[in-house]
Amino acid sequence: MKHEEYVAETNISTVMQFVLLGFEDLPKLQGILSALFSIIYMIILISNCLIILITRLDPTLQKPMYFFLANFSSLEICYVSVTVPRILFNIWTRDRNISLLACAVQMCFFLMLGTNECFLLAVMSYDHYVAICNPLHYPLVMNPRKCTQLATGSWLIGIPIQIGQTCWIFSMKFCNSNKIDHFFCDIPPILKLACGDTLGHELSVYVVVMVVAALPFILVLTSYSKIITTILRLPTAKGRAKAFSTCSSHLLVVVLFYGSGAITYLRPKSMHSPGTDKLLSLFYTIVTPMFNPLIYSLRNKEVIAALRKLIFQKQDHVLSSK
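Quick note: the sequence shown, position 256, residue 256 per UniProt numbering, numbers continuous.
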């Protein structure tokens, strides 16, 4: 008996590699999934790079709103690049092995960037609130220094929190299996592989989610409730319809992102199933990042005008060089 316990303990302590099963249960769809994820990834990269480029080059877009949009686009590029390339690598090479360290690094960056996105969405909603509800004070409140501080805070706030949480989770020993039934290293599937009682780790996840997701979500809802109240006072029906269209689009993306993430991380471990976890994860890792450029930027008339100006300038430059 003592020998068996010793062997088990030895095996636990030497687990240095996981296997990301990903979409292994869909062998006939590997080619379709590869093409789909490749196209989505390219759409996200190209659209967000265009937003960053035009907000930097166009003088008419040197406003707080577009400063935050550029930060948001940069964050989205980093965010999807943590997961999607690894998904494609696993599909293309069929090599699903990932070291313990690489898994921890992927989880840490994913959680940090997800936290940053939660707070940046809250900052963007605050910017909208000030612009719509207090337009006369907008230049004073959202001055360049304040914008830089808010953006910097959004980028940095998740780093210490999620480094600590990742170290806490990977301090556990893993004995149930080394197979992660997911397409990236996320908290719920990792906790399933842990030995012994994980209640303390689950509680820490709940606390962190309440701080980094629930709190910003409440701030977003508060901002938009005041925005909607202000919109209802607009004198023309056309103005109200236009404002509601923009707000409803923003809120839809916010609800999808926060909602799918909250359901994933706040459910008890016993209620998690691989299929449901993967589906929910697709929403906040791939689906919302794909729609964010359209919702937040490319429906904006000033952004479209700046994009057309950039394209025509390039065309004129090409024609003149010929």
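Glycine included, C-beta positions come from ideal geometry on N, C-alpha and C.
Is the segment 48-62 close to the segment 91-106, with three or more CB pairs under 8 Å?
-> no
Using DSSP with H/G/I as helix, E/B as strand and the rest coil, what is F217?
-> F217 falls in the helix class under three-state DSSP.
Check whether the segment 213-233 touches the segment 284-295, counting contact only when three or more Cβ pairs, one atom from each stretch, lie closer than 8 Å.
-> no
If you draw a straight line from the C-alpha of L319 to the C-alpha of K309, how long is it?
-> Because the pLDDT at L319 is just 49, under 50, the model does not fix this residue reliably, and the value given afterwards should be weighed accordingly. Rounded to whole angstroms, L319 to K309 spans 15 Å at the Cα level.
According to the Cβ coordinates, are F283 and L266 closer than 7 Å?
-> no
Residue environment, H137, which counts as buried when at least 16 other CB atoms sit within 10 Å = exposed
Whose C-alpha, out of A131, C175, V212 and I132, is nearest the C-alpha of Q165?
-> V212
V19 lies in the alpha helix (DSSP H); which residues open and close that run?
-> First-last for V19: Q17 to L20, but that is the beta strand (DSSP E), not the alpha helix (DSSP H).
Reduced DSSP category for residue 326 - H, G, I as helix; E, B as strand; rest coil | A query on residue 326 cannot be resolved here, the shown segment of the chain reaching from 1 to 322 and no further.
Which same chain residues, not among the five before or five after M172, have their C-beta less than 6 Å away from its C-beta?
-> A194
Assign V123 to one of two classes, buried (16 or more other C-beta atoms within 10 Å of its C-beta) or exposed (fewer than that).
-> buried
Which residue's Cα is closest to the Cα of L221: D181, L191, Y258 and T148?
-> Y258
Along the alpha helix (DSSP H) that carries I98, what are the first and last residues, could you check?
-> No alpha helix (DSSP H) contains I98, which is instead part of the beta strand (DSSP E) from N97 to S99.
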